[in-house]
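Notes follow once the structure below has been shown.
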Amino acid sequence: MALPKVVADGPLAPLVEQLLAGQVELLPWSVAEAGTTATIDGLYTYGHPLVDGAMLDRLPGVRVVSNYGVGVDHIRLADAAARRIPVGNTPGILDGATADMAFTLLLAAARRLIEGDRYARGPAFLRYDPGYMLGVEAHSQTIGIIGMGRIGRQIAQRARGFDMRVVYHNRRRDEASEQRFDAQYFPLDDLLAASDFVVLSVPLTDHTRGLIGARELRRMKPTATLVNVARGPVVDTAALTTALQERWIFAAGLDVTDPEPLPRGHPLLACDNLTIAPHLGSATEQTRRKMAEMSVTNLLAGLANQPLPFPVR
């Protein structure tokens, strides 16, 4: 019996390939982009390739789209729903790892850790100078969380461990989080003006695209740090580059950029008050294993015409 044909963008992680071995026939993403006369049964998105109605129409046999990860802004959900194609993702398992990354970036940016690392390794560090490379404190400061969802709540929990005052902005108030974390709801402009650290943990939607631009960066304190563990297009890259170059804000910590990756030689990469990671929010052995298992489980369920255990909601 022939194996179901699945188009995937790769190269895939070895664990994903192991889980799929003997279960499906994997085909390259170029098949989905160009179309084929062969019947394609499923799509597996490992990175962030675009899946839209035009692609699904080129592959009318597709019965499921499974995403490795929770963010599905690259998948046109309405197009899939119109064709009655279920979409699965991996919710609830990467919240802690992503919140850890948010605080890693927050602390590293605040204490100028990357600058310090370069200096400590370089030829100029010949004596200790207590007045050199001063950062800002994180403990007992105000953290403004934009997006008090699952990841935002994990960030708030960590912030309380640093005795931070927690303020947040959401489309809707989250009274349970207000009680749990002694958090205060602020309108966006008020949050930007009050926060020592602004952390972005929102999904990418039409509403959040370009949420932080020049106007919003100007609202922030000159001593404040911006941390983005959401999606790159939530922040206007050109505006952030200018803000860091001209010191509108103290620093930024980015796990994501727009575009991603940034072109080599992009001026943002030259900013000494930028701490940047190559999209490592969920990059732990434990979390990535769970992501692989959940995404493959979704894929196989869809191929068997069964309900997805972890559908996009």
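With the working numbering applied, the sequence shown corresponds to residues -12 to 300, in that order. Here a beta-carbon is modelled for each residue, glycine too, at the ideal position from N, C-alpha and C.
- Inside the segment 156 to 191, DSSP marks whole beta strand (DSSP E) runs of 3 or more residues at positions 184 to 187, from first to last along the chain.
- Between the beta-carbon of Thr32 and that of Asp(-4) there is about 6 Å, and that keeps the pair under the 8 Å contact cut.
- Residue pairing from DSSP leaves Ala68 without any beta-bridge partner.
- By the C-beta density criterion, Met135 is buried, having at least 16 other C-beta atoms within 10 angstroms.
- The C-beta distance from Val216 to Ala89 rounds to 5 Å, short enough to meet the 8 Å contact threshold.
- Per DSSP, reduced to three states, the secondary structure at Lys(-8) is strand.
- Checking the DSSP bridge columns, you'll see Arg152 partnered with Thr129.
- Assigned with DSSP and collapsed to three states, Ser53 falls in strand.
- Here the segment 275 to 285 lies against the segment 46 to 65, with 3 or more beta-carbon pairs under 8 Å apart.
- Asn292 counts as exposed, since fewer than 16 other C-beta atoms from the protein chains shown sit within 10 angstroms of its C-beta.
- Bounds of any alpha helix (DSSP H) do not take in Ala238; it lies within the beta strand (DSSP E) bounded by Ala238 to Leu241.
- The alpha-carbon of Arg137 is positioned some 42 Å away from that of Tyr115.
- By DSSP's assignment, Pro15 forms a beta bridge with Ala(-5).
- The straight-line gap separating the alpha-carbon atoms of Leu241 and Met(-12) is approximately 48 Å.
- When the five nearest sequence neighbours on each side are left out, the beta carbons in the same chain lying within less than 6 Å of the beta carbon of Leu198 are those of Val221, in order along the chain.
- In this structure, the alpha-carbon of Phe173 lies about 42 Å from that of Arg108.
- Under DSSP, Ile62 shares a beta bridge with Val38.
- Cβ neighbours of Leu178 within its own chain (closer than 8 Å, five residues either side excluded): Gly131, Ile133, Val154, Tyr155, His156 and Val185.
- Closest by C-alpha distance to Asp169, out of Ala180, Leu92 and Met151, is Met151.
- Fewer than three Cβ pairs drawn from the segment 69 to 87 and the segment 223 to 233 lie within less than 8 Å of each other, which leaves the two stretches out of contact.
- Beta-carbon to beta-carbon, Arg206 and Asp60 are separated by about 25 Å, too far to satisfy the 8 Å threshold.
- Non-local C-beta neighbours of Asp183 in its own chain, meaning closer than 6 Å and more than five positions away in sequence, comprise Gln128, Thr129 and Ala211, ordered along the chain.
- With at least 16 other beta carbons inside 10 angstroms of its own, His266 counts as buried.
- Within the same chain, Cβ atoms closer than 8 Å to the Cβ of Leu290 are found at Pro(-9), Val(-7), Val11, Asp28, Gly29, Arg50 and Val51, the five residues on either side in sequence being excluded.
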